[in-house]
Structure formats: C-alpha cells, structure tokens
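S.K.: Residue numbers for the sequence shown follow the numbering used here, so the first one is 8 and each next one is one higher. Please see the structure below; I have some questions.
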Amino acid sequence: EAIREAVGPGVTLLGCGAPFGGMLGLVEAMRIGADVSGDWQPTFNGIQLFIKNEPAMPCARNSIRNIITRANLHGHWWINDPDCLMIRPDTHLSLAEVQSLASAIALTGGSLLVSDDLPRLPKERLKIAECLLPIMGDRARVVDWFDSGMPSLLRSDQLNESGEWHILTKFNWQDKPYDLTLSAEEYQLPAGDYWVSDFWSGKTILVNSDERLWLERIEAHGCAVTAWRKTLPGEAVYLGSDLHISQGVEVADWKVDHREIKLTIRLPRKAEGRIKLWVPGEVHCVKVNEQTVNAQTNADGILSIPVVVDGFGHVVVELK
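Structure, rendered in structure tokens:
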C-alpha cells in the first residue's frame, strides 16, 4: 500500500510472487503462475524422477496450467502476466511445446513478453512471436475448466469486418502423439457446416454438421488452434491466414460484390505470408498492393493468396 501510494495512479505496478488477495486493488498486472523454464516438466540439476509432478516448480507445463486455469482473472482483477514466452531452439522444449506455450499466452489475453535474444533467433522461431502481434487482449473461455486439473479446451468468439468466427483450441497433454477430434457440439457451437482452418498445420477443411474434425498425430504436449466459420452458400468467406494466430484479427476491411472481393490486411509490423478465401465461381485475377500475384485455387474452391504487408496490405480478387 505504501508503494502504491508513493508512485501514484499514473504508474503501472506488476505484482510478482505475491498473494493474490493482498494485491487486489493495488496492482494493474499480476504474475498468475509458476515460472516458465526450458523444460516441460520440473527439473533440478538434471533430475526429474521425484519432482516431475510438483505443480509449483518452474517448467513450461506448470506455467501453461496456471495460464489456462487462471485465465478468468484477466480483465477482472488485473492484467494477467503469464511469464515469458520462450521460443529459442536451444532448450529442452519441442516445437510443439513452444507452440502450446505461445497459444496459451495469446488466447488468454494477458501480457506478452519475449525474453529471448531476438536477433539470434531463427526466422521460423521468430515468426512464432510475430504471429501473436497484435495482442488479442480478450481472454478465451475455458470450456472444461471444472473437468480437469489440466484443461484442454479453449473457445474465443471473434467478430470484425470479415464476419463472425470462433477460435477453438484443443491441447494434447499426453506424453505421446495423439489424434485429436473436435466438434461444434463439444464447444457448444450451433450445429451447421463450418469451414475450419488449423493455424499450426495450415490445413483448411470443410466440416459438415454431422461430422467431427479429425486432426492426425498432434505431437505430445502440442495443440490445434482452429478457426471455425459458418459456410455461406454463394458468398465469399475469409478462411484465415498464417499472419496471426487468430486467423482473422488481421482483416481491417472486407467488401464483396458480384465482380470483386476487396480486403485490407492490417498489422503493426512487416510480414509475408498467405491468406485463404473461399470464392464462389471462377477467379479472373488477384492483385496485392496493385501488383498481380500467382494465387492458387484448389478443388474445394479455396483460394490461397501470397501477401506482403507493411502495416497495411491491399488485396483485390477480380471474378469472372
């Protein structure tokens, strides 16, 4: 209380290692769990055998558990601080485990801090952090919050110029690769046909109302972050991208008529990647920033467009 009074209301205080109840009303942000580390399970001097199930020792698993189970505090009590996002390759974490850590941090809406030496990171690792910007801010709902000590189901509902979509995330907490299935019913979504894009694998699949989404061989401690959009018969649909983990927040403008589709991508950075649309009918040409590009349409009518963004990127799809 003395520190809060001394610094005044214009200074942001971050609580760390303090009891939750005593910090209410005194801090703007709060560490909400165990320290992250470069190991999945607790490790001390290379030893895991007797401490691997300890819930409070530093490790990626314990950090993620607290990020998810305390997600509901974000925006209610304070800004959640989930500790650092660790993406460098020289740890004991697998790529799938790094992706799970990044997904949990991004989708629960708390602060984002990357502790690695950014200039030394490989391009593919740096992109993991880049795809979290801009920060989403709003927290996902933990669907199985009361069902498991390590919840695995997150749902985040989104709406912008491109329409409504739902980010459904499922984690594989097993110590081996596992086939995951997801359904609209499992996440309490209305029944119907959905276009589904999985961010980390890049796959886009049409899931009919009587089907489940089947994702083969999700690596141990990995996850699937999927964007679900209702099919709109005869209408173009934005399906997602590899630019942002939300697969939609990047869309700043979306206009469609019978002759063309115009959209604007907005990011607080430079980026290259691909966006995906479902387009009714044949495509005459595609332009990105007024330059014709080689876009590809597959058998399902999914149009994949290479884009370059420097703050903004403007895309025009001309229809025949």
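Glycine included, each C-beta is placed from N, C-alpha and C at the ideal position.
Please state whether the Cβ-Cβ distance between residue 196 and residue 177 is less than 9 Å.
M.R.: Locating residue 196 in the sequence shown gives position 189, counting from the first residue. Locating residue 177 in the sequence shown gives position 170, counting from the first residue. Contact: no.
S.K.: To the nearest angstrom, report how far apart residue 250 and residue 135 are at their CA atoms.
M.R.: The residue you call residue 250 lines up with position 243 of the sequence shown. The residue you call residue 135 lines up with position 128 of the sequence shown. Their backbone Cα atoms lie some 10 Å apart in a straight line.
S.K.: Return the bridge partner residues of residue 230 from the DSSP annotation.
M.R.: Here residue 230 corresponds to residue number 223 of the sequence shown, with the count starting at 1. Answer by DSSP bridge pairing, in chain order: 178.
S.K.: Is DSSP giving residue 275 helix, strand or coil here?
M.R.: Along the sequence shown, read from residue 1 onward, the residue named residue 275 stands at position 268. The answer is strand: DSSP assigns residue 275 an E or B state.
S.K.: In terms of alpha-carbon separation, which member of 273, 215, 56 lies closest to residue 198?
M.R.: Position 191 of the sequence shown holds residue 198. The shortest C-alpha separation from residue 198 is found at 215.
S.K.: Quick check on the burial criterion: 16 or more other C-beta atoms within 10 angstroms. Buried or exposed for residue 224?
M.R.: The count along the sequence shown starts at 1 and reaches residue 224 at position 217. The residue is exposed, with fewer than 16 neighbouring Cβ atoms inside 10 Å.
S.K.: Quick one: using the 10 Å Cβ neighbour count with 16 as the cut-off for buried, is residue 40 buried or exposed?
M.R.: As a working mapping, residue 40 is identified with position 33 in the sequence shown. Buried.
S.K.: Whose C-alpha, out of 94, 233, 239, is nearest the C-alpha of residue 247?
M.R.: If you number the sequence shown from 1, residue 247 lands on position 240. For the residues 94, 233, 239, the minimum Cα distance to residue 247 belongs to 233.
S.K.: Could you tell me the boundaries of the beta strand (DSSP E) in which residue 294 lies?
M.R.: Position 287 of the sequence shown, counted from the first residue, corresponds to residue 294. That run of the beta strand (DSSP E) goes 290–295.
S.K.: Could you say which of 275, 133, 293, 22 lies nearest to residue 281 if we only look at CA atoms?
M.R.: For the purposes of this step, residue 281 is taken as the residue at position 274 of the sequence shown. Considering only alpha carbons, the answer is 293.
S.K.: Look at residue 273 and residue 316 and say whether their C-beta atoms are less than 9 Å apart.
M.R.: Residue 273 sits at position 266 when you count from the first residue of the sequence shown. Residue 316 sits at position 309 when you count from the first residue of the sequence shown. Yes. Within cutoff.
S.K.: On the three-pair Cβ rule with 8 Å, is the region 61–69 touching the region 42–53?
M.R.: Segments in contact, yes.
S.K.: Skipping 5 residues on each side, what residues in its chain have a beta carbon closer than 7 Å to that of residue 113?
M.R.: As a first step, residue 113 is located in the sequence shown; it is residue number 106 there, counting from the start. Excluding positions up to five away in sequence, the list reads 139, 143, 252.
S.K.: Out of 174, 168, 128, 129, state which residue places its alpha-carbon closest to the alpha-carbon of residue 150.
M.R.: Taking the first residue of the sequence shown as 1, we reach residue 150 at position 143. Nearest of 174, 168, 128, 129 to residue 150, Cα basis: 174.
S.K.: Would you kindly work out how many angstroms separate the C-alpha atoms of residue 237 and residue 76, rounded to a whole number?
M.R.: Position 230 of the sequence shown, counted from the first residue, corresponds to residue 237. Position 69 of the sequence shown, counted from the first residue, corresponds to residue 76. In a straight line, the C-alpha of residue 237 is about 29 Å away from that of residue 76.
S.K.: Taking only the alpha-carbon atoms, compute the straight-line gap between residue 184 and residue 226 and give it to the nearest angstrom.
M.R.: As a first step, residue 184 is located in the sequence shown; it is residue number 177 there, counting from the start. As a first step, residue 226 is located in the sequence shown; it is residue number 219 there, counting from the start. If I take the Cα positions, the gap works out to 4 Å.
S.K.: Determine the extent of the alpha helix (DSSP H) in which residue 27 is found, giving its start and end residues.
M.R.: In the sequence shown, the residue the question calls residue 27 occupies position 20. It spans 27–30 - the alpha helix (DSSP H) in which residue 27 sits, taken as one unbroken run.
S.K.: On a Cα-Cα basis, can you pick out the residue from 23, 267, 182, 111 that is closest to residue 244?
M.R.: Mapped onto the sequence shown, residue 244 falls at position 237. Selected option, being the one with the closest Cα: 267.
S.K.: Measuring straight from C-alpha to C-alpha, what distance separates residue 53 and residue 59?
M.R.: Residue numbering aside, residue 53 sits at position 46 when the sequence shown is read from its first letter. Residue numbering aside, residue 59 sits at position 52 when the sequence shown is read from its first letter. Distance between the alpha carbons of residue 53 and residue 59: 11 Å.
S.K.: Where residue 287 and residue 310 are concerned, what is the direct C-alpha to C-alpha distance, given to the nearest angstrom?
M.R.: The residue you call residue 287 lines up with position 280 of the sequence shown. The residue you call residue 310 lines up with position 303 of the sequence shown. Straight-line Cα distance between these residues: approximately 10 Å.
S.K.: Find the nearest neighbour of residue 312 within the set 301, 231, 71, 95, judged by alpha-carbon distance.
M.R.: Taking the first residue of the sequence shown as 1, we reach residue 312 at position 305. Taking only the C-alpha atoms, the option nearest residue 312 is 301.
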